[in-house]
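What follows is a single structure, written as structure tokens, with notes after it.
Residue numbers (the numbering used here): 9 to 251.
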């Protein structure tokens, strides 16, 4: 089965903050670079775990004029609380006792999905080609074992794995450099770890699962800019977690 091949200087797999920032920075360094970015979701931001307290230091370096570019970063943290929860009551912990990584002064409350959509606009304005809805399913290798790119998933396959009348083979995206920005548990990343023994002699990776909850509260209790972190109930003392 022959597949169409497209050649680029850089192929980026993953349309999250890291992949998009990589594309933007490379274009800033060399506007002549031919760069494409693949995202498995139907649109940029669709697979991002939304909700975020955002520190702007990295964005200040990447796009110093971001405030002038109609960014979705609007709501500044004005107040924060840290609560230990019990089943029927809570204990407030003084925020000045918290480590610096948990202090949010000058940070912003944002939708990470909206930030990614905005970063995609900035990348496209610089000339980056972005292909949402095209999951990379296979790593392509040179004869010497180095990575030469990725192939996208075949289209028009039924649930039994048979080709339908609408079948179209995937496309090969070949790059002088391929950047894998799939996140911490990407399926291509796992293949690379296995092939190149990247986890040899390393401590096992640990993962946390994020759940998004939307709470409806009375309007008079709403405080714009408030960040509230919690620990404790309903988790037991042997389980780490919180919000």
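Ideal Cβ placement from N, Cα and C applies to all residues, glycine included.
Distance CB(residue i)-CB(residue j) smaller than 9 Å
i	j	result
residue 22	residue 190	yes
residue 160	residue 182	no
residue 35	residue 135	yes
residue 29	residue 127	yes
residue 80	residue 37	no
residue 233	residue 117	yes
Neighbour-count burial assignment, residue i, 16 or more Cβ in a 10 Å radius
i	result
residue 115	buried
residue 96	exposed
residue 12	exposed
residue 44	buried
residue 47	buried
residue 109	exposed
residue 16	buried
residue 112	buried
Beta carbon proximity, residue i to chain C, threshold 9 Å
i	result
residue 73	Going by chain labels, chain C is absent from the structure shown, which holds only one protein chain.
Span of the alpha helix (DSSP H), counted from its first residue to its last, around residue i
i	result
residue 28	25-37
residue 196	195-203
First through last residue of the beta strand (DSSP E) which encompasses residue i
i	result
residue 181	180-188
residue 20	13-21
residue 43	43-47
residue 165	163-165
Q) Quick one: complete beta strand (DSSP E) runs, 3+ long, within the segment 124-161? A) The segment 124-161 contains these whole beta strand (DSSP E) runs: 137-140, 144-149 and 155-160.
**Q.** Three CB pairs or more closer than 8 Å across the segment 81-98 and the segment 230-243
**A.** Because the criterion of three Cβ pairs below 8 Å is met, the segment 81-98 and the segment 230-243 touch.
Q: Indicate whether the contact test is met: 3 or more Cβ pairs, each with one atom in the segment 131-149 and one in the segment 160-178, closer than 8 Å.
A: Taking a cut-off of 8 Å for Cβ pairs, the segment 131-149 and the segment 160-178 touch, as three or more such pairs fall below it.
Q | Unbroken stretches of the alpha helix (DSSP H), 4 residues or longer, contained in the segment 58-136 | A | For the segment 58-136, the continuous alpha helix (DSSP H) assignments of 4+ residues that do not extend past its boundaries occur at 65-70 and 120-133, in sequence order.
(Q) For the structure I just gave you, are there three or more beta carbon pairs, one from the segment 53-64 and one from the segment 193-208, closer than 8 Å? (A) Counting Cβ pairs under 8 Å, fewer than three are found: no touch.
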